[in-house]
Each structure stands twice: as structure tokens, then as C-alpha cells.
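Our numbering puts the first residue of the sequence shown at 388, with every later residue one more than the last.
Note that beta-carbon positions come from the ideal geometry of N, C-alpha and C, so glycine has one too.
A short write-up of the structure that comes next.
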Amino acid sequence: MVANDEGTEVDDGSAALSRRQYAQVIAGLGAAGLAGCPSEGGSTATPAESDDGTVEPIEHDDDGSGPAASGTDTETPTATDREPVVDTIAYAHANSPDVFDWNPWTPQDNTAGDLWMSDLHGLRNVHTTNLSYSGTTVPTPHKPDHDEIEIMTWIAGTDVEPPYDWYDHHDDRSAYWNGDPHDAVAREKHNHVEFFQAGNKFTEDATFNQRAEDQWTLHQWTDKGSVPEQEPDPTASNILETYAGPVDGDPPLHPSFTEPYLEQYRDAGSRDRATAVTDELKSDRVSLDRIALDGGTDEYLAGSGPYRLESMDDVGSERMVLHLDPDHPNAGHTNVEKLAIYWAEGDRAQTLKTEGVLDVNVGDVSPGASLNREVLPDYMQEFTRWLRATGGDMWKFNWNNPHLQNLWVRRALVEAVDWNAVSANGWGQGGAQPLAHDTFLLDAQSEAVFSQEFLDSLHTYSRGSNPETATEYMNRAGYTRQGGQWVDPSGNPAEIDLFATSTIPEHVQAAQTIRANLANWGFGVNFSTQGWSTWSNNLDPNGGLNYESSLYWHGDPYVFQYYHDVGAWWDEPLVAGSPTAPDPFEAKPEDTVDTQGKPIVQQVPDEPGAFEAPDEAGKAPDLDGATEVNLVETVNAIRQPGNSEAERQQLYRTCAKYYNFYVPHFPFHQYMQGSFGNVRDFDWPESSARAFDYEHSFGIENVLVLGGIAQASYDTEFEPPEEG
């Protein structure tokens, strides 16, 4: 056995290899998460011959003024002396100009599209999940005048000082569209407003743990016990390394927006006054006219990427058009002058894809999927496909529902559904792969963390529908079938609500399959679809968790991000948040239940795979051969420094055994992820090229565009698509 960098045991060779085969994306939409790897600080670059995310210093010109030039002799005429066939590349976002709002603190999330108007934070390798930053070089043989390009990102490098501190170094070329520095100072102010609006102004044990050490370096740290009520939070170095250099997160609003609120919060002398500031902040919409360079309010409150909103004349009801900033560092290696953002979600977005209007899209082209060869124009073809390390889906349960509180009911629901059909109907044949292991992790992490012996000893839930076992479990739950309908011990019909967001068509189709399976078996499902803002708001613990079950994404780069406690609509770890805290983001060991009604203290079987439980078992049954475990203390212990490899492995196993026994939610598959688009009007790298290896946030598409990898073609010739 060998240990990986998380102190976990893996089988020699095979598990490590499988972990390198996967990648992250959240169905093209979704939740935020932190991930990172440390560097020596300053600019870093990934060597062209390596695909493992390692970094090396950038070569500079002899005078030291900048990166060394690459490409062909500039005196030789190139293809760029001709005009490309198009000057605009198109993408779609689930938003509209009437509701777009860059303010991330409003009650509903209408920020979609902001990441396409911002500098790339950093680059995550979709195969290894390793990070690289500003100065990463990418071979581009598909470009006639650049053998390789160098991508500028907002983060330039990181440093970590265990057990508390980490530093993010920002690229000093990053600027807001109006020319003001997009620096660590702006980021600190934005994050400080976030700290206050979360209710921390008068929270005795809360401190704001960030400081701009200089204009371009943000210093952050975990709690150090700097106030009497605060417990120090020393953190393992491998955890701190993932906090540093995030490739995702809210692009900071301009200080002209955040500074006035920051001053009001600082001056607030009471909770009521701080709440009033928060109410004002949440209602302060940052609409498109407040970021446009011309024709708006002239406030310039946001925007830092290579494509700018130059005028409100470029905003229409169907789309808006952004223009390439010739002075941006990534502008010099692309010939795509404009970026069109279409306003579309659900059926409208699907129509734009099938009509070939959108030039880059998240997803694979698979038989049986909603986007397949038969519905797409010939020139809309798949660029690349890979098995994702950190992307999948789950059926998410809210234990506040009386049926879902019953252990045997949850087990029965899982057994009654044909998960192979759910996956195939939602994502097409070959679009996803059912999970082999029931640990709450995706298979990439399960196989990297646990020995095969441990995985084989766990209970395995059926992937095909198993109505006989499901019926046995319902009987043990105390339910009976009356006229073909299951009823609970009190005589109430067994039924639950099931949500899916219309923004993710795959979730809608998968949810319809779940409903059909359960209806045929006698369990009622009230299925409904919701727009992005309504759906995310209903899942938000700050809004009271207005759902019973939902289709939801699942996946993170690191094991400790699954085995964690987070109360947020955009993430679903093993434990949810605190129902007793002003901010439910983190659960507390002294809580009785988390925000989803799951008990914090549970009896966890001593033996992996143990499955026996009392009949009509409720939330927290008494078990034989089990140990009482505080789940919050367990997931917190994973983050503590000083754990030996054996101790960390034991903590991971405790979490896996808890999930395997209680099935609090049900992750059911992981994706084969792809990207497809227009091969007639654009030239793209070969499918295995390293240019397709990087993502920002939840897809490679904005790296392709904002990184300057996209190349408008000089002819309209293309190879016909392969069948299937």
C-alpha cells in the first residue's frame, strides 16, 4: 500500500491511475467550491511536454521586460492577414438583461454570466484537478500564427504557512474595464462586505481573517483565537493548500460599490443598524447599465475580462455583445473580436443549440441524450470528451420530510429506482457511468482513498430496479400497500415532492424517470421544474429549505470536501449546516440536527457493510455493534493538523460507513463530460490536445474563449461528423 497526499491508502498503481482519468464540471451550471495547489508564488507556467499540472518558471526576453515571444516569424505573411469568416463567438447563459444582477448578495441568484465578463481566476486540470495560474503555456497548433499561447489569470501564484495562513498573489496586469486595478485590495473589500452581510458584525467569536499585505497579495488565515470567544482553528497543510489560489468564486465588485457599504457596516452601532445596511445591500441591483463603459450610469461597478461591455447599445432582449479589449494580455493570441452572450435557459437554450446558433457548449453528443447527432447540424460537433474526476449527480433528500426520516424508506426508494435508466435517459448512452461504490464519494475518490478490501466489504445498493427488496424494506418501515399505493403506519399516502431545475435538461429527464419508476411501484412523486433562481432559492438554508427532494450535482476535487459540513444551496457535503446559528453555513458539534434534520450524533456500525437496523427505524436508531459518533466533530477532525495517515484513514472510513448505512442522500453516477460546438466557422485543437485540459469554475468553455484558445476559421470547410 502507498499513501497519497491526503494520507489515504490506495492499491499500488491502479487507483492512482483511475484518479487521473476524471475531471470536474457541474452539468455546465452549479455550485462553488475551493480547490488549489501551492506554488512558490509569482507567475507559473505548465511545461508543454507535461500534462500533470506541474509548473516551471516563465522564460523572459533578454531585457527581462516580459515573457518570451512565441510563434512564427512576424515578417512572414500568415493566415491572419486575411479576414476570418466570423468575428463573433456565441454562448448562452440562464439570465436576461431585465433581471441580471452582478450583486451576489441579493435574495435570488441572477449573476449568471459574470464569469464571462471577468478574468479567469486560475486553471484546473480536468484530469488531475491540479491548478496552474498566470503564465501557463498551452500548445496551439490549430492557430496559424501561434505555436503556443500564454494564458493570463487573475491569480499568479500562492504560498502556504501552516497551520493557519495562506497567500494569494495576483497578476498586476489585471484591471477593471475602466482601467482601475483589479487587485487584492478590491478583493479584500468585497470579501469584507461578504463577512458583514453574513451577520458577523456583532458575532462575538467571528473575526475577518483577510488582509491585503500589498496591492497584489491577499493574506488569509483560519481562526487563531484572536478574540476571547474564538477557538483557534489550526488546519492541516494539505487543506490550506486547497484554500489558496481558488479558481472559482465571486468576481469582486469594484471598490466604489463595496467601500460605502463597508463604511456603513463599520459605523453600525447596533444589530438593527447592521441589518438595515444588509437590507439595503441586498436590494442594490448591479444591472448591466451600471457596468457598461458607455450609455449607462458611468459607475463601472464590475467587469475585468478580455471581452468588455462597451455600450448599452450592445444589449438586446435576445443577446448582448461584448468586444475584445486589445490591451488585455489574452487579446494578442485570438482573432475572435466579439463574444455574444445569448439570454436563454431550458427549452430556449436547447433550441439555440440544436439550431447551431451557439458556438461553444457544455456537454457530450451521445446517442439517446437530448443533444445527439440526429438533432444537431453537421457543423456542430464534439470537441473532446473525458471521464470526470469530480462531476456527478445525486438524489438529494430533506430529512424534515416525515417519510424521508425513516431509514428503511430511504433504502427502499433507492432500491425501487432503475439508476441505469435514470442515467441513460438523462445523459444518453455513454454520457455517464453509475457509481460502483456507496461511500458518498465519486468513484475517483473512493478508489484513491480506500483499499479494495474495504470497498468490497461495504453494502452495495442496486443500480437496477429491485422492487422485491424495495418492498421488503417498506414493510420493515411499517408501511403497507393499499390499492396499489404505499401508506405509512398512520395511514397517510406515501408521497414526496421532487424538484429539478429547468436550466439542466438532464436533471429534468432523470427526475421524470425516478417519478415513473416510483409511481409504477406505488410511491407518489409530485414532480415540478423550476427556473434557476427559484430552484436555488428553495434549496438555500437561509430561506428555510423549501424542498423535499431534488436532483442535484455532486462532486469535489478532494475527499475532505465531501466529508464536511456546509449549509449552502450550492454544495451538499455529508453534513449540512447549523439550524441554530445566525449563518447556517457550518454546523456545530452541539447542534442536535443539521439544517436538513439529520441528527448530528449517530450510531455508526463498527463493521463496514453492516446493514441491520430495527423495524420502523427513525432518524437515529439504536444499533448493535455500533459506536456513537458526533459527525461534526468527525469531519472537523479531518481538517486538524497532526493526523497520522492511519488516523486520517480511520476518520474517512467512519464517514464512509455512516453514509453506507444511513444513505442520507444518494449519489448515483459520474459524468462522461464533453464540450461541443461550431467546427465550420472555428478551428479547434485535436480532441486529445492539452488546450482542452483546463477549466475555470465548471467547464472548459470559458477557458477556450477567455484564454484565447478559440480561433475563427479562414474558410468554412470541415470534416463530416461521425455517426452515432
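Task: Cut-off 6 angstroms between Cβ atoms - residues of its own chain near Thr-493, not counting five sequence neighbours on either side - done: In the sequence shown, the residue the question calls residue 493 occupies position 106. Closer than 6 angstroms at Cβ, skipping near neighbours: Lys-669.
Task: C-alpha gap between Asp-1070 and Ala-1099, whole angstroms - done: Counting from one through the sequence shown, the residue named residue 1070 turns up at place 683. Counting from one through the sequence shown, the residue named residue 1099 turns up at place 712. Roughly 6 angstroms between the two C-alpha positions.
- [ ] Just the C-alpha distance for Gln-948 and Thr-1041, rounded to the nearest angstrom, thanks.
- [x] Locating residue 948 in the sequence shown gives position 561, counting from the first residue. Locating residue 1041 in the sequence shown gives position 654, counting from the first residue. Going by the C-alpha atoms only, they are around 15 angstroms apart.
Task: Spatial neighbours of Asp-952 in its chain, beta-carbon cut-off 6 angstroms, leaving aside the 5 residues before and after - done: If you number the sequence shown from 1, residue 952 lands on position 565. Here the set comprises Val-962, Glu-973, Ala-974, Val-1019, Val-1022.
Open item on the list: Taking the straight line between their C-alpha atoms, what separation do you get for Ser-965 and Asn-924?
Closed with: What you label residue 965 is simply residue 578 of the sequence shown in a count that begins at 1. What you label residue 924 is simply residue 537 of the sequence shown in a count that begins at 1. One Cα belongs to Ser-965, the other to Asn-924, and the distance between them is close to 18 angstroms.
Open item on the list: Need the endpoints of the alpha helix (DSSP H) that Tyr-630 sits in, please.
Closed with: Locating residue 630 in the sequence shown gives position 243, where the first residue counts as 1. Note, Tyr-630: alpha helix (DSSP H), 624–630.
- [ ] Taking only the alpha-carbon atoms, compute the straight-line gap between His-1083 and Pro-491 and give it to the nearest angstrom.
- [x] If you number the sequence shown from 1, residue 1083 lands on position 696. If you number the sequence shown from 1, residue 491 lands on position 104. Going by the C-alpha atoms only, they are around 18 angstroms apart.
Open item on the list: When you compare the CB positions of Trp-919 and Phe-886, do they come within less than 9 angstroms of one another, or not?
Closed with: For the purposes of this step, residue 919 is taken as the residue at position 532 of the sequence shown. For the purposes of this step, residue 886 is taken as the residue at position 499 of the sequence shown. Taking 9 angstroms as the Cβ cut-off, Trp-919 and Phe-886 do not qualify as a contacting pair.
- [ ] Less than 8 angstroms between the CB atoms is what I'm expecting for Gly-818 and Gly-942, so what's the real figure, rounded?
- [x] In the sequence shown, counting from the first residue as 1, residue 818 sits at position 431. In the sequence shown, counting from the first residue as 1, residue 942 sits at position 555. About 15 angstroms separates the CB atoms of Gly-818 and Gly-942; that is not less than 8 angstroms, and the two are not in contact.
- [ ] Under 7 angstroms Cβ to Cβ from Leu-1091, same chain only, skipping five residues before and after it: list those, please.
- [x] In the sequence shown, counting from the first residue as 1, residue 1091 sits at position 704. Excluding sequence neighbours, Leu-1091 sits near Val-747, Ala-1097.
- [ ] Look up Arg-511 in the DSSP assignment and give the residues it is bridged to.
- [x] Within the sequence shown, numbered from 1, the residue matching residue 511 stands at position 124. Paired residues: Leu-518, Glu-1082.
TODO: Check Gly-586 in the structure and name its three-state DSSP category.
DONE: As a position in the sequence shown, residue 586 is number 199, starting the count at 1. Taken through DSSP and simplified to helix, strand or coil, Gly-586 comes out as helix.
Task: Helix, strand or coil at Trp-1128 according to DSSP, with G and I counted as helix - done: Outside the displayed span of the chain (388 to 1111) sits residue 1128, for which this structure offers no information.
TODO: Report yes or no: do three or more beta-carbon pairs, one from the segment 896–906 and one from the segment 822–839, lie closer than 8 angstroms?
DONE: In this structure the segment 896–906 does not touch the segment 822–839; the number of beta carbon pairs closer than 8 angstroms is below three.
- [ ] Give me the Cα-Cα distance between Gly-1094 and Leu-640, rounded to the nearest whole angstrom.
- [x] Translated into the one-based positions of the sequence shown, residue 1094 becomes position 707. Translated into the one-based positions of the sequence shown, residue 640 becomes position 253. Those two C-alpha atoms are separated by around 21 angstroms.
TODO: Could you pull the start and end residues of the alpha helix (DSSP H) that Gln-816 belongs to?
DONE: Position 429 of the sequence shown holds residue 816. Looking at the DSSP string, Gln-816 is not in any alpha helix (DSSP H), and its letter there is neither H nor E.
Task: Contact under 9 angstroms by Cβ, Gln-602 with Pro-568 - done: Looking up residue 602 in the sequence shown gives position 215. Looking up residue 568 in the sequence shown gives position 181. Yes, these two residues count as a Cβ contact at 9 angstroms.
Task: Local conformation of Ala-776 per DSSP, three classes - done: The residue given as residue 776 occupies position 389 in the sequence shown. Note: Ala-776 maps to strand in three-state DSSP.
Task: Pro-444 versus Trp-503 - alpha carbon distance - done: For the purposes of this step, residue 444 is taken as residue 57 along the sequence shown, with counting starting at 1. For the purposes of this step, residue 503 is taken as residue 116 along the sequence shown, with counting starting at 1. Because the pLDDT at Pro-444 is just 30, under 50, the model does not fix this residue reliably, and the point stays unresolved.
Open item on the list: In the DSSP assignment, the beta strand (DSSP E) including Ser-915 goes from what residue to what residue?
Closed with: Translated into positions along the sequence shown, residue 915 becomes position 528. Its beta strand (DSSP E) spans residues 911–917.
Open item on the list: Which of the three DSSP states is assigned to Thr-431 in this structure?
Closed with: Locating residue 431 in the sequence shown gives position 44, where the first residue counts as 1. Note that Thr-431 has pLDDT 29, beneath the 50 cutoff, so the model's placement of it is unreliable and no number is given.
Task: Check whether Asn-812 and Pro-821 have beta carbons under 9 angstroms apart - done: Indexing the sequence shown from 1 puts residue 812 at position 425. Indexing the sequence shown from 1 puts residue 821 at position 434. No; because the gap between Cβ atoms is not below 9 angstroms, this pair is not in contact.
Open item on the list: Pro-995 and Phe-841 - do their beta-carbons sit closer together than 9 angstroms?
Closed with: In the sequence shown, the residue the question calls residue 841 occupies position 454. In the sequence shown, the residue the question calls residue 995 occupies position 608. Less than 9 angstroms separates the beta-carbon of Phe-841 from that of Pro-995.
TODO: Figure out for me which residue from Val-912, Asp-592, Glu-724 has the closest Cα to the Cα of His-710.
DONE: Along the sequence shown, one-based indexing puts residue 710 at 323. Nearest of Val-912, Asp-592, Glu-724 to His-710, Cα basis: Glu-724.
Task: Sequence-distant residues of its chain with Cβ nearer than 8 angstroms to Gly-682 (five each side left out) - done: The residue labelled residue 682 in the question sits at position 295 within the sequence shown. Scanning its chain for C-beta atoms nearer than 8 angstroms, with the 5 sequence neighbours on each side dropped, one finds around Gly-682 the residues Asp-676, Ser-698, Met-699, Asp-700, in chain order.
- [ ] In the DSSP assignment, find the unbroken alpha helix (DSSP H) run with Glu-834 in it and report its ends.
- [x] Within the sequence shown, numbered from 1, the residue matching residue 834 stands at position 447. Taken as a continuous stretch (DSSP letters only), the alpha helix (DSSP H) holding Glu-834 covers 830–836.
TODO: Report all residues from its chain with a CB closer than 6 angstroms to the CB of Ile-538; omit the five preceding and five following residues, and keep chain order.
DONE: Position 151 of the sequence shown, counted from the start, is the residue given in the question as residue 538. Once the five neighbours on either side are set aside, the close Cβ partners of Ile-538 are Thr-523, Gly-1094.
TODO: Look at the alpha carbon of Pro-960 and the alpha carbon of Lys-985, and state the distance between them as a whole number of angstroms.
DONE: If you number the sequence shown from 1, residue 960 lands on position 573. If you number the sequence shown from 1, residue 985 lands on position 598. Taking the CA atoms as reference points, Pro-960 sits about 12 angstroms from Lys-985.
TODO: Just confirm the distance between the C-beta atoms of Leu-926 and Gln-983, as a whole number of angstroms; I'd bet it's less than 8 angstroms.
DONE: Translated into the one-based positions of the sequence shown, residue 926 becomes position 539. Translated into the one-based positions of the sequence shown, residue 983 becomes position 596. Wrong, their Cβ atoms sit about 10 angstroms apart, outside the cutoff.
- [ ] Return the CA-CA distance between Arg-706 and Lys-611, expressed in angstroms with no decimal places.
- [x] For the purposes of this step, residue 706 is taken as the residue at position 319 of the sequence shown. For the purposes of this step, residue 611 is taken as the residue at position 224 of the sequence shown. Taking the straight line joining both Cα atoms gives about 48 angstroms.
Task: Cβ shell of Leu-739 (< 7 angstroms), same chain only, five flanking positions each side left out - done: In the sequence shown, residue 739 corresponds to position 352, counting from 1. Taken in chain order, the residues that qualify are Ala-479, Tyr-729, Ala-731, Leu-745.
TODO: Please decide whether Asp-970 counts as near chain C, where near means a Cβ-Cβ distance under 9 angstroms.
DONE: Here chain C cannot be found, since the structure has a single protein chain.
- [ ] Given a cut-off of 9 angstroms, decide if Lys-1006 and Leu-794 are closer than it, judged by their beta-carbon atoms.
- [x] Along the sequence shown, read from residue 1 onward, the residue named residue 794 stands at position 407. Along the sequence shown, read from residue 1 onward, the residue named residue 1006 stands at position 619. In this structure, the beta-carbon distance from Leu-794 to Lys-1006 falls below 9 angstroms.
Task: Inter-residue CB distance, Tyr-520 and Gly-632 (contact presumed, cutoff 8 angstroms) - done: Numbered from its first residue, the sequence shown carries residue 520 at position 133. Numbered from its first residue, the sequence shown carries residue 632 at position 245. A Cβ-Cβ distance of about 6 angstroms is found for the pair Tyr-520 and Gly-632, placing them in contact under the 8 angstroms criterion.
- [ ] Hey, could you find the ends of the alpha helix (DSSP H) Lys-669 is sitting in?
- [x] The residue you call residue 669 lines up with position 282 of the sequence shown. Bounds of the alpha helix (DSSP H) holding Lys-669 are 658–669.
Open item on the list: Residues in the same chain with beta-carbon distance under 7 angstroms from Tyr-648, minus the five sequence neighbours each way, listed in chain order, please.
Closed with: Position 261 of the sequence shown, counted from the first residue, corresponds to residue 648. The answer, listed in chain order, is Val-580, Val-664, Leu-668.
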